[in-house]
Amino acid sequence: MKYINKTILVALFIEITLPTLLQAQAKDVCRLPKSFKKNYDFKHKLRSHEWVNLNGTTDYLVLVLSWTPQFCKYQPARQRQENFQCKPENKFGLIVHGLWPQSKKTRGRGGVRSHPRNCKDDKQLDISLIKSYFCLMPDEILQQAEWEKHGTCAFKSPEEYFKTMSQLYSKVNLPDMNQLLKDKHLHKKKVEAAFLKKNPGLHIVTTTYRGPHKSVTETDAIIVSMRRKELEEIKICFDLKHNFTIITETEYGEGMLYPR
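Note that the sequence shown covers residues -24 to -1, 1 to 236 in mature numbering (1 follows the signal peptide of the UniProt record, and there is no 0).
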């Protein structure tokens, strides 16, 4: 039996494993916590800011990605210490905040209530399901709340909801966020440009005809939210066939109040 030089083994490890680790880091991986919360049910009736809309139509889906460093920065100190997402050893970047079924019938700041919401007061999710998607959405309460607030309005089961969420997330190629955010003059357009470079399909050109006249509209299926010049969230829009789709200003404009 021939023995391979240790130096060669190390070199092979770096060449083969490091790119894989970096790719995984871009999509964020984590070690599951040693224990999970016992009570993480969501009761919308106990929250004064919540509402129910059983009649809202689901015309498209919004995948919402949250930037962990900014989220954790503004958490109260105690919550930050207890929140698994914020623990420094996990080094989360973009995580999935939720997948939101949305209606095209919204208009203006008050139109947010036209979106379907809280369609079913469901039981607690099975902990095995939560574990399966914990590195994508690292909080039991968040998973439960997003399923009840949004998932119940468009999906038959939590399994279908989280599977779809994972599939849509896998369609998005993430730029190097850490490198991007080193820019001291970062603004929304630079973040959008970085995503468009990695995901050309986010830029959608629509051609319409009215008689002999042709109209060409160019729109991006991405919305970047920033707070105090810091990245907060990225929303990516999909149609019901899970292709990138456009969102008009009347549906998601600068002054729009987004559901959480």
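By construction, the Cβ of each residue, glycine as well, lies at the ideal position given by its N, Cα and C atoms.
All values reported here derive from a predicted model rather than from experimental measurement.
Presumed contact (8 Å Cβ cut-off) between residue i and residue j, rounded CB distance
i           : j           : result
residue 250 : residue 12  : An answer regarding residue 250 cannot be provided, because it is not within the stretch -24 to 236 covered by the chain.
residue 34  : residue 77  : 4 Å
residue 91  : residue 82  : 6 Å
residue 200 : residue 210 : 6 Å
residue 151 : residue 131 : Actually they are not in contact, since the Cβ atoms of residue 151 and residue 131 sit about 29 Å apart, beyond 8 Å.
residue 144 : residue 207 : Wrong, their Cβ atoms sit about 20 Å apart, outside the cutoff.
Residue span of the alpha helix (DSSP H) that contains residue i, given as start and end
i           : result
residue 153 : 153 to 156
residue 171 : 164 to 174
residue 54  : 53 to 58
Cβ neighbour criterion (16 or more within 10 Å) applied to residue i
i           : result
residue 223 : buried
residue 169 : exposed
residue 133 : exposed
residue 216 : exposed
residue 146 : exposed
residue 53  : exposed
residue 55  : exposed
residue 38  : buried
residue 109 : buried
residue 25  : exposed
residue 50  : exposed
residue 177 : exposed
Residue interval of the beta strand (DSSP E) (run including residue i)
i           : result
residue 135 : Run containing residue 135: none in the beta strand (DSSP E); it sits in the alpha helix (DSSP H), 134 to 146.
residue 213 : 206 to 214
residue 34  : Premise fails: residue 34 is in no beta strand (DSSP E) and is neither H nor E.
residue 44  : That residue, residue 44, is in no beta strand (DSSP E); its alpha helix (DSSP H) goes 44 to 49.
residue 190 : 189 to 196
Nearest residue (CA-CA) to residue i, options the options
i           : options               : result
residue 238 : 137, 8, 187 and 41    : Because the chain in this structure spans residues -24 to 236, residue 238 falls outside the shown range and cannot be described.
residue 19  : 69, 7, 203 and 98     : 98
residue 195 : 7, 181 and 201        : 181
residue 8   : 27, 59 and 37         : 59
residue 88  : 128, 175 and 27       : 27
residue 153 : 144, 136 and 174      : 174
residue 6   : 36, 112 and 121       : 112
residue 218 : 137, 120 and 122      : 137
residue 163 : 204, 193, 127 and 140 : 204
CB contact below 8 Å: residue i versus chain C
i          : result
residue 62 : This model lacks chain C altogether, as it is built from one protein chain only.
Kindly provide the ranges of any alpha helix (DSSP H) runs that are 4 or more residues long and lie completely inside the segment 66 to 120, ordered along the chain. Runs of alpha helix (DSSP H) with 4 or more residues, each lying fully within the segment 66 to 120, are found at 103 to 108, listed in chain order.
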